[in-house]
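**Q**
In our numbering, the protein residues as written are 159 to 238.
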């Protein structure tokens, strides 16, 4: 989604990924989210909540928000 976003040209080229242990990045006591199993069924049952937006639209809206905020605050300049 980032590569096809209309604001993509305002950001530097992709620099790659770096694998980092969660405890190194977040500190000791961090609970690894890879072991959690969120349940929409439980959210519906316990909270009477259900999603109104599908995952793809949620990611798209979130990405758009943060990219526009970064551009508006001037944190990124157009790449050459």
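Glycine included, each C-beta is placed from N, C-alpha and C at the ideal position.
Using CA coordinates, which residue listed in 231, 230, 226 is at the minimum distance from residue 160?
**A** By 1-based counting over the chain shown, the position of residue 160 is 2. Considering only alpha carbons, the answer is 226.
**Q** If you measure between the beta carbons of residue 229 and residue 165, is that distance less than 8 Å?
**A** For this step, residue 229 is matched to residue 71 along the chain shown. For this step, residue 165 is matched to residue 7 along the chain shown. It is a contact, given that the beta carbons lie within the stated cut-off.
**Q** Note the first and the last residue of the continuous alpha helix (DSSP H) segment covering residue 203.
**A** Here residue 203 refers to the residue found at position 45 when the chain shown is read from its first residue. Run containing residue 203: 198-205, per the alpha helix (DSSP H) assignment.
**Q** How big is the Cα-Cα spacing for residue 238 and residue 232?
**A** Reading the chain shown from its first residue, position 80 is the one you call residue 238. Reading the chain shown from its first residue, position 74 is the one you call residue 232. Interpretation of residue 238 is limited by its pLDDT of 47, a score under 50 that renders its predicted location unreliable; no figure is taken from the coordinates.
**Q** What is the residue span of the alpha helix (DSSP H) that residue 216 lies within?
**A** As a first step, residue 216 must be located in the chain shown, where it is residue number 58. Looking at the DSSP string, the run of the alpha helix (DSSP H) that includes residue 216 is 213-230.
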